[in-house]
Structures are given as C-alpha cells and as structure tokens.
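Taking my numbering, the leading residue of the sequence shown gets 6, the next gets one more, and so forth.
Structure first, commentary second.
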Amino acid sequence: MELENIVGAENIRLKDDGSAVIIIDQTLLPNECVFLTLDKPEELYDAIKQLRVRGAPAIGIFAAYAIYVLAEKYPECDGDEFFARFKTDCEYLNSSRPTAVNLSAMLRRMCAVAEDNIALPRRELLAALRAEAEAIHREDMDMCRAIAQYALTVVNPGDTVLTYCNAGPLATSRYGTAQGPYYLAKETGFDLKAICCETRPLLQGARLTSYELTLAGVDCTLICDNMASIVMKQGKVQACFVGCDRVAANGDAANKIGTSGVAILAKHYGIPFYVLGPSTTIDFNCPTGDQIEIELRDPEEIKEKFYEKSMALPQVKCYNPAFDVTDSSLISGIITERGIARAPYRESLKAMFPEV
Ligand code: MRU
Numbered sequence: 006m007e008l009e010n011i012v013g014a015e016n017i018r019l020k021d022d023g024s025a026v027i028i029i030d031q032t033l034l035p036n037e038c039v040f041l042t043l044d045k046p047e048e049l050y051d052a053i054k055q056l057r058v059r060g061a062p063a064i065g066i067f068a069a070y071a072i073y074v075l076a077e078k079y080p081e082c083d084g085d086e087f088f089a090r091f092k093t094d095c096e097y098l099n100s101s102r103p104t105a106v107n108l109s110a111m112l113r114r115m116c117a118v119a120e121d122n123i124a125l126p127r128r129e130l131l132a133a134l135r136a137e138a139e140a141i142h143r144e145d146m147d148m149c150r151a152i153a154q155y156a157l158t159v160v161n162p163g164d165t166v167l168t169y170c171n172a173g174p175l176a177t178s179r180y181g182t183a184q185g186p187y188y189l190a191k192e193t194g195f196d197l198k199a200i201c202c203e204t205r206p207l208l209q210g211a212r213l214t215s216y217e218l219t220l221a222g223v224d225c226t227l228i229c230d231n232m233a234s235i236v237m238k239q240g241k242v243q244a245c246f247v248g249c250d251r252v253a254a255n256g257d258a259a260n261k262i263g264t265s266g267v268a269i270l271a272k273h274y275g276i277p278f279y280v281l282g283p284s285t286t287i288d289f290n291c292p293t294g295d296q297i298e299i300e301l302r303d304p305e306e307i308k309e310k311f312y313e314k315s316m317a318l319p320q321v322k323c324y325n326p327a328f329d330v331t332d333s334s335l336i337s338g339i340i341t342e343r344g345i346a347r348a349p350y351r352e353s354l355k356a357m358f359p360e361v
C-alpha cells in the first residue's frame with residue numbers, strides 16, 4: 006500500500022478504543038507499508054528497540070500512548086499498586102533506547118500525570134493519561150510546523166539543503182523537524198531542493214527521507230554518506246539541516262552517527278549548519294555532549310543488514326555506535342519552535358525557554 010501524502014500520514018495512533026497503538030513498521034519501508042497493532046509490553050518495547058518506530062519525537066509520542074495502553078489493561082488494584090506498576094512499565098519502555106531524551110521525558114510526563122491523579126476513580130485516571138498522550142502528540146505537530154517556518158528564514162529560494170538521516174513526518178508527527186522546511190516550502194511555492202545522505206548502516210536517509218520527500222513531490226537527490234564532501238566542494242549545497250536526539254544545555258547536539266562529520270565538512274567549506282529540534286529534545290539537565298549516552302547497536306547491522314551475503318569475514322570485529330555528538334562550535338543555529346538560538350547556546354537556549 007502506498008502512502009498518498011506522507012505529511013498527513015498517521016504513522017503513530019491510538020486505536021479508537023484505546024486498546025493498542027498502531028504504527029507504520031518503518032523497518033519495511035520503502036518496499037512495504039505495513040501497519041502494526043501493538044498492545045503487549047514486549048512488543049511495545051521491541052518496536053522501539055528494533056526501530057519499527059524511530060526518530061526522537063516519534064518514540065516519545067509512541068511511548069506515551071504505549072504506557073496508556075498498558076495501564077488500561079491493569080487488573081483492578083488500588084492507587085499505590087497501580088502507580089508502582091505504572092512506574093515499572095515506564096522504566097521498562099525507557100530502557101529500550103538511551104540516546105533520544107524524548108523517550109524518558111515523555112514517560113516522565115506521563116508518570117507525573119499518573120501521580121497527580123492517582124486518587125481519582127480509575128476511569129478518570131485513565132482519561133487523564135489518554136488526554137496527556139494526545140496532548141504530547143498534538144504539541145509535536147504544532148512545534149514541527151513552527152520549526153519549519155523559522156528554518157525557511159535562513160535559506161533562499163533556489164537553494165539546495167543537505168540533510169542527514171530521517172527527521173521527517175515518520176520521525177515525528179506531520180512535517181518533521183529537519184525535513185519540515187522542504188514540505189512547507191513545497192506547500193508555499195518556495196523553491197527548495199534536498200540532498201539526502203543515505204545514512205549507513207540503517208539507511209534512514211535512503212529508505213525514509215528520500216521516500217517521504219519524493220512522495221511529497223520535493224526535488225531530492227540521494228547520495229552516499231561519503232559523497233557529502235564533493236557536493237559541498239562543488240558548490241551544490243547552500244546549507245545543512247539536521248535533526249537531533251538530545252541537545253545538551255551548552256548546545257552540543259547528539260544525532261544519527263555521521264552527523265558530526267557533516268558538520269565538520271560544512272565548517273571547512275563555509276556552509277551554514279543548522280540543528281532543528283523541538284524543545285522536547287533539549288536536555289537542560291545535561292551540561293555538555295560528553296554526558297550523552299551513545300547507543301551501541303548490533304555489529305550485524307554493519308556486515309550483514311541489507312546484503313544478500315555478509316560483506317566481511319565472520320571474524321571481523323565491528324563497532325556500531327548509533328549516534329554522535331556535534332560540537333556546538335560547529336552549529337550555526339539551533340532552530341526550535343520558539344525561534345533560532347545562536348551561540349553562546351547555554352545563554353540563548355535558557356533565554357528562549359526560561360520556564361525550564
Ligand atoms: O536511530 P534513529 O533512526 O531513531 O535516529 C534518528 C535520528 O537521528 C533523527 O535525526 C533524530 O531522532 C531527529 S527526528 C526528528
């Protein structure tokens with residue numbers, strides 16, 4: 006089944022009766038578009054771990070719905086028992102992936118709502134939890150659109166912007182962050198072209214970003230990751246837009262492995278490099294990028310995934326970090342739903358979000 010307009014796609018939603026979360030299995034795209042209906046703790050955990058649902062905001066939204074779905078099935082029990090179970094399930098879901106802060110932040114938000122409403126009759130408590138998960142989802146849609154609007158102020162019609170990994174509608178809800186400007190440009194008749202890096206080893210750029218942009222009718226060209234330097238040198242790139250999984254208080258930004266290399270190249274060629282992300286991805290409790298935990302994934306993803314046969318001898322050792330941290334000194338601006346923060350980021354991000 007083809008998604009007609011990916012921007013409007015419901016990549017994550019709660020089943021109407023609240024009994025399950027429905028997602029598009031992103032591991033099968035672009036060749037198959039399969040919807041999964043999930044309601045068991047292990048399958049909800051596994052969906053995040055296996056990247057069936059992925060992208061920092063998307064896993065936060067998914068986790069909020071997932072914990073509601075689990076809570077909805079708890080046997081009759083008193084408030085203390087309900088809350089103890091709820092916290093254990095939150096911890097379980099949270100242990101699926103460490104780097105994107107949205108996962109733990111949205112689960113903490115759900116926990117706070119459970120705690121504040123624990124004395125209410127069960128039906129009202131569940132209604133409050135469902136409303137919170139829906140609010141998290143709605144807020145993400147609004148933030149993505151605002152980010153795209155600010156991002157279009159730093160480029161000119163006719164520009165080509167290089168992007169990395171997937172920070173589009175599939176990674177969020179509608180528009181996306183780093184890919185949002187292309188959709189908004191398309192909608193408003195602003196000529197903006199994309200160069201997508203394929204993003205080894207899991208190919209989010211090839212499988213998801215070029216798929217989403219092509220379905221939306223955006224002019225996009227796919228390159229291998231190691232071609233970023235030549236297209237920059239040849240003057241084919243006017244700016245870079247990337248997403249983020251956790252932005253530290255000083256502006257250091259964790260994103261898909263390879264992002265920091267793109268930033269270093271952009272600096273070398275004098276090309277502006279922007280990080281686009283909602284406030285839910287800023288971790289003010291994390292002082293610098295050095296404190297961000299980097300997920301290590303199965304070496305099989307490097308040697309075997311997507312290949313018919315292993316592309317290295319079985320005894321070859323692999324190292325497979327899933328993210329890297331771009332030093333804030335390489336970032337021209339961090340584009341959030343409230344505007345564009347510029348260096349020094351500790352001060353500008355704090356001033357942008359004084360309530361945090
Ligand atoms: O491992 P993934 O596919 O979840 O990594 C995703 C990214 O690195 C995205 O760029 C990031 O989460 C931002 S999504 C708006």
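Using N, Cα and C, we set each Cβ at its ideal position, and we do this for glycine too.
Beta carbon of P35 nearer than 9 angstroms to that of S178: Going by C-beta atoms, P35 is not nearer than 9 angstroms to S178.
Q209 CB to nearest heavy atom of the ligand MRU below 8 angstroms: For the ligand MRU, at least one heavy atom lies less than 8 angstroms from the Cβ of Q209.
D230 Cβ short of 8 angstroms to the ligand MRU heavy atom set: Because no heavy atom of the ligand MRU lies under 8 angstroms away, the Cβ of D230 does not count as near it: no.
Length of the line joining the Cα atoms of C38 and Q55: Roughly 16 angstroms between the two C-alpha positions.
Under the three-state DSSP convention, the category K314 falls into: K314 falls in the coil class under three-state DSSP.
Contact test: A176 Cβ vs the ligand MRU heavy atom, cutoff 8 angstroms: Answer for A176: yes, Cβ within range of the ligand MRU.
Integer-rounded CB distance, given that E217 should sit under 8 angstroms from L175: Your pair L175 and E217 checks out as a contact, with CB atoms roughly 6 angstroms apart and the cut at 8 angstroms.
Inter-residue CB distance, N107 and T293 (contact presumed, cutoff 8 angstroms): About 19 angstroms; that fails the 8 angstroms criterion.
Extent of the continuous alpha helix (DSSP H) to which I262 belongs: Annotation: I262 is outside any alpha helix (DSSP H) and is labelled neither H nor E by DSSP.
Residue from T264, R127, L189, Y70 with nearest C-alpha to L112: Answer by Cα proximity: Y70.
Given T168 as reference, the closest of E47, I345, P319, N260 once Cα atoms are compared: Closest by alpha carbon: N260.
Exposure of H142, with buried meaning 16 or more beta-carbon neighbours within 10 Å: Residue environment analysis places H142 among the buried positions, since at least 16 neighbouring C-beta atoms fall within 10 angstroms of its C-beta.
Neighbour-count burial assignment, I66, 16 or more Cβ in a 10 Å radius: Classification for I66: buried.
Close beta carbons around A271, own chain, < 6 angstroms, minus the five adjacent residues each side: Result list for A271: C245, F278, in chain order.
Per-residue DSSP class, three states only, for T193: Reduced to three states, the DSSP call for T193 is helix.
When E137, D329, L98, I28 are compared against M115, the one with the closest alpha-carbon: In terms of Cα proximity to M115, the closest of E137, D329, L98, I28 is E137.
Complete beta strand (DSSP E) runs within the stretch 149 to 231 (minimum length 3 residues, chain order): Counting whole runs of 3 or more residues, the stretch 149 to 231 contains the beta strand (DSSP E) stretches 165 to 168, 198 to 202, 225 to 228.
Segment limits, beta strand (DSSP E) that includes I27: First-last of the beta strand (DSSP E) with I27: 26 to 29.
Cβ distance (whole Å) where G248 is taken to contact C170 below 8 angstroms: Indeed they touch by this definition, with Cβ atoms about 7 angstroms apart.
C-beta atoms of R230 and K198 nearer than 9 angstroms: Residue identity differs from the one stated: residue 230 is Asp in this sequence, not Arg. Taking 9 angstroms as the Cβ cut-off, D230 and K198 do not qualify as a contacting pair.
Straight-line Cα distance separating T104 from M6: Legend: pLDDT at M6 = 37, less than 50; position of this residue unreliable, value from coordinates given subsequently. Each residue's alpha carbon lies about 32 angstroms from the other.
Cβ pair N122, A110 closer than 9 angstroms: Against a cut-off of 9 angstroms, the Cβ pair of A110 and N122 comes out as no contact.
Cβ-heavy atom distance, P62 to the ligand MRU, below 8 angstroms: Look at P62: its beta carbon is less than 8 angstroms from one of the heavy atoms in the ligand MRU.
Separation of D83 from V330, as counted between CA atoms: Cα to Cα, V330 sits roughly 44 angstroms from D83.
CB-CB length for G173 against L207, believed under 8 angstroms: Not a contact, Cβ separation roughly 15 angstroms.
CA-to-CA distance, E86 to L8, given in whole angstroms: Since pLDDT at L8 reaches only 48, below the 50 mark, its modelled position is unreliable, and no value is offered.
Expected contact under 8 angstroms - CB spacing of L354 and A348 to nearest Å: Incorrect: roughly 10 angstroms between the Cβ atoms, too far for contact.
Own chain partners of A183 with C-beta closer than 6 angstroms, once the 5 adjacent residues on each side are dropped: Counting only Cβ-Cβ distances below 6 angstroms, and skipping sequence neighbours, we find T168, A172, F246, V247, G248, L281.
C170 Cβ short of 8 angstroms to the ligand MRU heavy atom set: It does: the Cβ of C170 is within 8 angstroms (strictly closer) of some heavy atom of the ligand MRU.
Coil, strand or helix - S353 by DSSP: Of the three classes helix, strand and coil, the one that applies to S353 here is helix, per DSSP.
Burial state of G222, where buried means 16 or more other Cβ atoms lie within 10 Å: A residue is called buried once 16 or more other Cβ atoms fall within 10 Å of its Cβ, and G222, having fewer, is exposed.
Sheet register partners of A346 (DSSP bridge): As DSSP reads the structure, A346 sits in a beta bridge with I339.
Heavy atom of the ligand MRU within 8 angstroms of A151 beta-carbon: False, no ligand heavy atom lies under 8 angstroms from that Cβ.
Cβ-based neighbour list, I297, same chain, cut-off 7 angstroms, excluding 5 preceding and 5 following: Answer for I297: T104, R251, A253, A259, C291, V330, listed in chain order.
Proximity below 9 angstroms, CB of G23 to CB of R205: Inclusion of G23 and R205 in the CB contact set at 9 angstroms is not warranted, their separation being larger than that value.
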